[in-house]
Each structure stands twice: as structure tokens, then as C-alpha cells.
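To start, the structure itself, in C-alpha cells.
2 protein chains.
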Amino acid sequence: MRVKEFQAFLQEKKVDASILVSIGMEPDPNFFYFTGYEGAGALIIPQSGRPLLLAPKMEQERARKSRIKSVKILEKKRLFDSVREHVGRAKKIGMDGSALALNAAKALRKSFRKARTIDVSRKIRELRTIKTMEEISYIRRSCREADSILQQCLKNFREFRTESEAAAFLQHEALKRGLDVPFRPIVASGKHASMSHHAPQSTKLNKGLCVIDFGVKVKGYCSDMTRTIGIGSVPPAQRKKYQKLLGVQQQAMASATDAMKCSLIYDGVIRALGKDAPYFTHGLGHGIGVEIHELPNLTISSIDRMQKSMAFTVEPGIYYPKKFGIRIEDSVLLATRPEQLTKTTKELIII
Amino acid sequence: MRVKEFQAFLQEKKVDASILVSIGMEPDPNFFYFTGYEGAGALIIPQSGRPLLLAPKMEQERARKSRIKSVKILEKKRLFDSVREHVGRAKKIGMDGSALALNAAKALRKSFRKARTIDVSRKIRELRTIKTMEEISYIRRSCREADSILQQCLKNFREFRTESEAAAFLQHEALKRGLDVPFRPIVASGKHASMSHHAPQSTKLNKGLCVIDFGVKVKGYCSDMTRTIGIGSVPPAQRKKYQKLLGVQQQAMASATDAMKCSLIYDGVIRALGKDAPYFTHGLGHGIGVEIHELPNLTISSIDRMQKSMAFTVEPGIYYPKKFGIRIEDSVLLATRPEQLTKTTKELIII
Numbered sequence: 001m002r003v004k005e006f007q008a009f010l011q012e013k014k015v016d017a018s019i020l021v022s023i024g025m026e027p028d029p030n031f032f033y034f035t036g037y038e039g040a041g042a043l044i045i046p047q048s049g050r051p052l053l054l055a056p057k058m059e060q061e062r063a064r065k066s067r068i069k070s071v072k073i074l075e076k077k078r079l080f081d082s083v084r085e086h087v088g089r090a091k092k093i094g095m096d097g098s099a100l101a102l103n104a105a106k107a108l109r110k111s112f113r114k115a116r117t118i119d120v121s122r123k124i125r126e127l128r129t130i131k132t133m134e135e136i137s138y139i140r141r142s143c144r145e146a147d148s149i150l151q152q153c154l155k156n157f158r159e160f161r162t163e164s165e166a167a168a169f170l171q172h173e174a175l176k177r178g179l180d181v182p183f184r185p186i187v188a189s190g191k192h193a194s195m196s197h198h199a200p201q202s203t204k205l206n207k208g209l210c211v212i213d214f215g216v217k218v219k220g221y222c223s224d225m226t227r228t229i230g231i232g233s234v235p236p237a238q239r240k241k242y243q244k245l246l247g248v249q250q251q252a253m254a255s256a257t258d259a260m261k262c263s264l265i266y267d268g269v270i271r272a273l274g275k276d277a278p279y280f281t282h283g284l285g286h287g288i289g290v291e292i293h294e295l296p297n298l299t300i301s302s303i304d305r306m307q308k309s310m311a312f313t314v315e316p317g318i319y320y321p322k323k324f325g326i327r328i329e330d331s332v333l334l335a336t337r338p339e340q341l342t343k344t345t346k347e348l349i350i351i
Numbered sequence: 352m353r354v355k356e357f358q359a360f361l362q363e364k365k366v367d368a369s370i371l372v373s374i375g376m377e378p379d380p381n382f383f384y385f386t387g388y389e390g391a392g393a394l395i396i397p398q399s400g401r402p403l404l405l406a407p408k409m410e411q412e413r414a415r416k417s418r419i420k421s422v423k424i425l426e427k428k429r430l431f432d433s434v435r436e437h438v439g440r441a442k443k444i445g446m447d448g449s450a451l452a453l454n455a456a457k458a459l460r461k462s463f464r465k466a467r468t469i470d471v472s473r474k475i476r477e478l479r480t481i482k483t484m485e486e487i488s489y490i491r492r493s494c495r496e497a498d499s500i501l502q503q504c505l506k507n508f509r510e511f512r513t514e515s516e517a518a519a520f521l522q523h524e525a526l527k528r529g530l531d532v533p534f535r536p537i538v539a540s541g542k543h544a545s546m547s548h549h550a551p552q553s554t555k556l557n558k559g560l561c562v563i564d565f566g567v568k569v570k571g572y573c574s575d576m577t578r579t580i581g582i583g584s585v586p587p588a589q590r591k592k593y594q595k596l597l598g599v600q601q602q603a604m605a606s607a608t609d610a611m612k613c614s615l616i617y618d619g620v621i622r623a624l625g626k627d628a629p630y631f632t633h634g635l636g637h638g639i640g641v642e643i644h645e646l647p648n649l650t651i652s653s654i655d656r657m658q659k660s661m662a663f664t665v666e667p668g669i670y671y672p673k674k675f676g677i678r679i680e681d682s683v684l685l686a687t688r689p690e691q692l693t694k695t696t697k698e699l700i701i702i
């Protein structure tokens, strides 16, 4: 995706080539963004011309199916030796400082003693914020799948005895459809809901408000949504908070416009929450794409601005410690207007 | 875990304090090892005295439930600013070079312009090899759960039409019990079994030998086991290979003694396999703990030695390309003697 824009940046910065390496259990997001390939390897993006993917022999089938047309399969040679063969004469090299661990960076630099290195991670993360048509279609599908699985979960909710069972249902449905989940589903009932990142437990579902935070991946692209439902009965005061938060969330989504500072959307939420603002303890949202958390940041200190074709979440929440919590989250695309991509009802469902 | 031993190392190396940072979606293993905390944050381990955990406000409940007694919740301040406040005068600082990305390392170093930094990742990985009583109890539970789920899977095996269904069953059972899986279960039937890292497919289960590799996590601690079963009928020649490999595996487990070179256990397997040795194409085993693959390495080139209270796998396999494959794996604890922790039968089950 957007290789040409990245090469224009390399030309502007007089960088001969950029080297992206993926060697861990999970593919590095910037590497995956350009390659669509989940195996280990190195990607060399020269200032102009075709990018080259170096991959080990055991990954050759996957590598040849990647987005990159020039693929070289390594027989025995070590990855960094092969990288040096291809860009050994470069004077200025781009590296991904957000992905490369300190020890791996040291090893890579040994291959390029005479070259200067610069960090290109921020640039790639910025490029990634503006989604292409292809990426938008994957994100739409990802949101549709998440909606469908969540609705199936809500239909079956009476059958679950524990948070774990509800969370397992969500993940299992995704697995059965051949989809990964970008994070373990959160099911936080009763006072557990006051922890925004609660890990589901094998204890009986608590009565009261229950926060369900779930997403899937389609072709590597994430969806993310949260619904808060009621189990048994919900006290009127908590219902009132729910309605208030829902209004705040909808207003925040609608307020996003091209070129707007992301921090302003956050500010609007703080104002609208009024005396509940101290109980809103996390960011308002984040970009979604090949990562579940990417740019732009919708936080108080964000330096990002909204742009058309950005995909992001809007997820205000209020958490009364040891009492209850509410979060409402949608995945949103900034088209001509903000378009809500996750569509499961936000009426307070009582189960 | 083993904070005192780590502090002794810091004293010996004249390191004032070590800083471990976890900022990704997944907790960094070394950070998790000391904290038992899965959220974002920074851990400061001074040369002596109490370690300090810095965590963002949204994680305060989880942070307070962590292993670390001194917790400081950050109100607004940025993580690294707070780190500097606490160890700003340090002259020599330990960092985790295997976990910390280049940019984070740079930012952290800015907080300590005058300090030297050293990489402490190898030391922590070494400390992690010797399990405490608490860790052993988690690993035992993890193995018991894996046994119980695998046995349930075997009982239901006739109901599965595809490898994916069998693999989804294993993962779903784990999820229902509130347990994570450290890797996607492997179910490789017929000639698929000749690929040691085969990804389960949605095609019909093949007849013949079928390799099932599965583990779970309890309190963050991994189990890992493999059984090879027969579907339909298994030719006598393959049964013979199975019995031979089983003998080799049991002998290898029994051979582990304190202070023994891990590479020697591997050598013993090669000798015992005889003419089948060329078909054994991977390592013999690996440590298990907060990671599914950790030290010690049971490979030909391993520099590690067996020590009491190490937990590791013993998993010889033979793979006849495009024909069949067999792997038998147990999780093992080196107590006074090697103790097999995963206990599902290794008699060849035919389903």
C-alpha cells in the first residue's frame, strides 16, 4: 500500500533505501502494511523501483503470495547478510525504530557500518492513516463480521454462565469463520466493568451493566466495537448515565470533520461529560487498520488532525471504581462525513 | 519472581537500577515475569530495595493486583518523565534490549543523558529458567488443564470432520475455562503430519497418523504437549516407527540430570533414532514458562545446561515428507528426577 508516497519521502530525505525486518512471532505492522505477508523476512524499499522481499525457504509459498512482486528466497544465508548484499553500498538507510528491538538494530547496523540510518517509522504510520479503497473494503468487511458475531453472541447471551464463556463464544465464532481476533474479547460484568481492560473471568456473570469489547481481523484489517448491555436489571441512575454517554458518543462521532484537530473532539467529550468527566480515564479513540491501535490518536495531547479516509474508533467510557462502568464504541470512517461502520444497536439491551 | 537474584546481578555489575517497559498490546515477557501484570507501564528495579511499578490511571486496578507492592499511578505525567523522576541520578542503567524498540530506547536514554546503559535481557532470561515453587504450581495446573482438554478432544474426535474443527474445539474449550492458548493448536492429519508447523485446514481429516500439538496458559504460564493418534487404520510399518519414537522420547526424558549439557540429551536422541535421525528436523525441546519458547534450548548447538527446577519440553519427531509424521511431546520438570507433567496416554490411540 502507498509505496510510491513512501518512495517520494525517501527521495526528499535522500534516503537510498529503507529496510523493514519482521522476525518475531507476529508480523511487524509496518512490514505487513507494505507486504501483506505474515512470515519472517526483510523488505527493502529503494528510493525508486521495485521493493524486494527476502524470505526464508520454509516461507516461500506465503512469500510468493504477498503483495511484493520481487521475492528472493534465502537458501542458507542469514537474513542480514543477504540484506547487505542488496543494499551494502547505501549511504543513508531508513529503519523502523518502532518495530526493531535494540539488539536486532545493533546487529543490522553492523551490516552497514558506513551508512547513516534514519527512523522512518513515524512516516509509515502517518501514511497508514489514510486508507486506500482496498483497505476501506477490508475494514468494512471486518466491521460487518464483528457486528454479525456480536449480535449472535447477544442472542445466545442467556446461555452463558460466566464472562469467559461469553468471551469464548465471540472468539470461537471468529475462529470458525477463519478470522483472527486482534485482542481477547473483553466481557466485564457488574463491578468488573469499572476496569476498562478487564480480563474475562470464570466466575458467574454479575448482574448489572456488562461491557463487551470485541473486534476481528479481515485480511489483516481490524474492527473494534464496544457495547454495554444490562444483565438482570439496571438501576435507573445507571440507565441515565448510559443514555448520557450514548448522547456524548454520538455527538463526538458526528463532530469529526476534515482537518480538525483530534484533540478538539476529545475536548468536546470532556465538556459534554461535565461532572462525569473525571470518570473518563482513557483516550477517546484511535486509528484502526493493520493494527488495532494506530494513528490518529483521539486524546487530549494528540498532535494529529482528522483527514478524509481515516478509520478510527470513538469510544468514550465512564468508570465508577468498584461500582460499574459503561463504554460505547464504534469504528468510524471519515468519508465526506463521519460514517459509522459498526452497526449493532446501541439501545440499552437488558438480558 | 527472583527479584533478589536479579538485584544481586545488578550489584555485581554496578548497575544502579534496571528499567523494564511494556507498552505494546502484549506484555513483554521479562516485564510480566517480575510483575505478573499484563497492562502497560514501567518497572524500576533498583540495586536494592523494593521494585516500583509505574502504571497509567486506566490500569490502576490491575496494577494494584500485580506482584509489585509499590505501585505509582500516573495521573497525567508521561511514563518516561516519571521514570526519570525516580532514577534520574542513576549512572548505570539496565535495559531490556530484546524487548525495547529502538525509538523507545532512544526516548528512555534521553531521560538519562549521563547514564551508561547495559542490556540485561539475557540475564533475566537465564533467571527465568529456574522456576520458583509458585511458578511450578502454575505450570502443573497448566499441564493438567491441557491434559484434560486434550482428553476431551480425543473423546469427541469422531465428531470432527476437519482439522480446523478439532483445533477450534481445543481452543474453544480452553477459552471456556478462561484460559489462553500460547499458540494456535496444530492438528495435522495424514501427509500434513509431515510438516512440523502445519496450520490446520478446513479439508476432511486424512486417514493415518495425526499429530496434535496443544497447550494452554494458567496465570500466564504455558504448557505444551503433542500426541500422535491414528485415524482409521495405521500401517504396521508406521506403528513400528511410533513405538520406536515413543521409546526414544521416554529415554530422552529420563536422561535429563542436573548440570548435564542440554546438547547431550539431543545427541542421545540422534543416536537412538539411528537411521531415522535424518527425519528428525527440529530441536528436541525448549524451556516453558511465561513464554512458550524460552531457555533452555535442547538443541545440537545449545550452550545451556540442565538445572533443577527447570521446566521444558521433550519432543522428538520424525517426518517423512509427503508421507507421514510422528511427534510425541511432554512438558517436563527437572525435580530430583525428571518428572513428566503432561500425562495423557502415549499408547497409540486409533480413532
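Chains as they are written, first to last, in this note's numbering: chain A, 1 to 351; chain B, 352 to 702.
Glycine is no exception: its CB is placed at the ideal position from the N, C-alpha and C atoms.
Taking 6 Å as the cut-off, does the CB of A/I118 come closer than this to any heavy atom belonging to the ligand PLP?
Of ligands this structure carries none, so the ligand PLP is not represented either.
Would you be able to state if there are at least three C-beta pairs under 8 Å between the stretch 212-223 of chain A and the stretch 163-179 of chain A?
yes
Under 8 Å Cβ-Cβ, which residues of chain B neighbour A/N103?
Reading the first sequence from its first residue, position 103 is the one you call residue 103 of chain A. G448, S449, D470, S472, listed in chain order.
Unbroken beta strand (DSSP E) run spanning A/Q340, endpoints:
As a working note, residue 340 of chain A is residue 340 in the first sequence. Element bounds for A/Q340: 338-340.
Is A/T281 close to chain B? Criterion is C-beta to C-beta, closer than 7 Å.
For the purposes of this step, residue 281 of chain A is identified with residue 281 of the first sequence, where counting begins at 1. Yes, because at least one Cβ of chain B sits closer than 7 Å to the Cβ of A/T281.
Limits of the unbroken beta strand (DSSP E) element including A/M225:
Numbered from 1 along the first sequence, position 225 holds the residue referred to as residue 225 of chain A. It spans 225-231 - the beta strand (DSSP E) in which A/M225 sits, taken as one unbroken run.
Distance between beta carbons of B/P689 and B/M604, contact taken as under 8 Å
Position 253 of the second sequence, counting from 1, holds the residue named residue 604 of chain B. Position 338 of the second sequence, counting from 1, holds the residue named residue 689 of chain B. Their Cβ separation, rounded to whole angstroms, is 5 Å, which keeps B/M604 and B/P689 in contact under 8 Å.
Report the residues of the stretch 538-569 of chain B with a CB closer than 7 Å to any CB of chain A, ordered along the chain.
none
Return the residues of the stretch 149-164 of chain A that lie within a Cβ-Cβ distance of less than 9 Å from chain B, sorted by chain order.
T162, E163, S164
Can you find at least 3 beta carbon pairs, one from the stretch 119-138 of chain A and one from the stretch 300-318 of chain A, that sit closer than 8 Å?
yes
Can you grab the Cα-Cα spacing for the pair A/I300 / A/G317, in whole Å?
Here residue 300 of chain A is taken as the residue at index 300 of the first sequence, counted from 1. Here residue 317 of chain A is taken as the residue at index 317 of the first sequence, counted from 1. About 15 Å.
Given a threshold of 16 other Cβ atoms within 10 Å of its Cβ, counted over all protein chains shown, does B/H548 qualify as buried or as exposed?
The count along the second sequence starts at 1 and reaches residue 548 of chain B at position 197. Exposed is the call here.
For A/H286 and chain B, any beta-carbon pair shorter than 7 Å?
By 1-based counting over the first sequence, the position of residue 286 of chain A is 286. False, the Cβ-Cβ gap to chain B never drops below 7 Å.
Can you name the start and end residues of the alpha helix (DSSP H) that A/F80 belongs to?
Indexing the first sequence from 1 puts residue 80 of chain A at position 80. Segment 79-87, the alpha helix (DSSP H) holding A/F80.
Indicate whether at least one CB of chain B lies closer than 7 Å to the CB of A/Q60.
By 1-based counting over the first sequence, the position of residue 60 of chain A is 60. Chain B, which has no Cβ nearer than 7 Å to the Cβ of A/Q60, makes this no.
In or out: B/G392 buried (at least 16 other Cβ within 10 Å) or exposed?
Here residue 392 of chain B is taken as the residue at index 41 of the second sequence, counted from 1. Burial call: buried.
How big is the Cα-Cα spacing for A/K4 and A/T35?
If you number the first sequence from 1, residue 4 of chain A lands on position 4. If you number the first sequence from 1, residue 35 of chain A lands on position 35. Straight-line Cα distance between these residues: approximately 14 Å.
For A/Q171, decide whether its Cβ has a neighbour in chain B, counting only Cβ atoms nearer than 7 Å.
As a first step, residue 171 of chain A is located in the first sequence; it is residue number 171 there, counting from the start. Judged by the 7 Å Cβ criterion, A/Q171 is in contact with chain B.
Counting contacts by CB-CB distance shorter than 7 Å, is A/A42 in contact with chain B?
What you label residue 42 of chain A is simply residue 42 of the first sequence in a count that begins at 1. Cβ-Cβ to chain B under 7 Å: no for A/A42.
Below 8 Å, how does it come out for the stretch 90-98 of chain A and the stretch 20-31 of chain A: are there three or more Cβ pairs, yes or no?
yes
Sort out for me which residues DSSP pairs A/E163 with in a bridge.
As a first step, residue 163 of chain A is located in the first sequence; it is residue number 163 there, counting from the start. Its beta-bridge partners do not exist; DSSP assigns none.
Touch check for the stretch 427-446 of chain B and the stretch 364-371 of chain B: three-plus C-beta pairs under 8 Å?
yes
Nearest neighbour of A/Y319, chosen from A/G283, A/L348, A/P278, A/G285 [CA to CA]
Counting from 1 along the first sequence, the entry for residue 319 of chain A is found at position 319. Cα-wise, what sits closest to A/Y319 is A/P278.
In the stretch 483-500 of chain B, which residues sit with their C-beta less than 8 Å from some C-beta in chain A, listed in chain order?
none
Following the continuous alpha helix (DSSP H) through B/K423, name the residue where it begins and the one where it ends.
Here residue 423 of chain B refers to the residue found at position 72 when the second sequence is read from its first residue. Per DSSP, B/K423 belongs to no alpha helix (DSSP H); it is in the beta strand (DSSP E), 421-425.
What residues of chain B sit near A/K110, judged by a beta carbon separation below 8 Å?
The count along the first sequence starts at 1 and reaches residue 110 of chain A at position 110. In chain order: nothing, as chain B lies at least about 14 Å away.
In three-state terms, what does DSSP make of B/I679?
Position 328 of the second sequence, counted from the start, is the residue given in the question as residue 679 of chain B. Reduced to three states, the DSSP call for B/I679 is coil.
Does the beta-carbon of A/P182 have 16 or more other beta-carbons within 10 angstroms, so that it is buried, or is it exposed?
Locating residue 182 of chain A in the first sequence gives position 182, where the first residue counts as 1. Per the 10 Å Cβ criterion, buried.
Does the beta-carbon distance from A/Q151 to A/T344 come in below 7 Å?
In the first sequence, residue 151 of chain A corresponds to position 151, counting from 1. In the first sequence, residue 344 of chain A corresponds to position 344, counting from 1. Against a cut-off of 7 Å, the Cβ pair of A/T344 and A/Q151 comes out as a contact.
Taking the beta strand (DSSP E) that B/F565 falls in, what are its first and last residues?
Numbered from 1 along the second sequence, position 214 holds the residue referred to as residue 565 of chain B. Here the beta strand (DSSP E) through B/F565 covers 559-565.
Considering only their Cβ atoms, is the gap separating B/G636 from B/S545 smaller than 7 Å?
Taking the second sequence and counting its residues from 1, the one referred to as residue 545 of chain B is at position 194. Taking the second sequence and counting its residues from 1, the one referred to as residue 636 of chain B is at position 285. No, the pair does not count as a contact, with Cβ atoms beyond the cut-off.
Three-state secondary structure (DSSP) of A/M58:
Working through the first sequence from its first residue, we reach residue 58 of chain A at position 58. A/M58 falls in the helix class under three-state DSSP.
Would B/L394 and B/S421 be called neighbours here (beta carbons separated by less than 7 Å)?
For this step, residue 394 of chain B is matched to residue 43 along the second sequence. For this step, residue 421 of chain B is matched to residue 70 along the second sequence. No, the Cβ-Cβ distance between B/L394 and B/S421 is not below 7 Å.
At a CB-CB cut-off below 8 Å, which residues of chain A make contact with B/K626?
Locating residue 626 of chain B in the second sequence gives position 275, counting from the first residue. Here the premise fails: no neighbours, minimum Cβ distance about 24 Å.
Would you mind listing the beta strand (DSSP E) stretches within the stretch 513-548 of chain B that are 3+ residues and don't spill past its ends, in chain order?
537-540
Beta-carbon contacts of B/V641 that lie in its chain and below 6 Å, excluding the five residues immediately before and after:
Start at 1 with the first residue of the second sequence, and residue 641 of chain B comes out as number 290. Excluding positions up to five away in sequence, the list reads P380, F383, Y384, G571.
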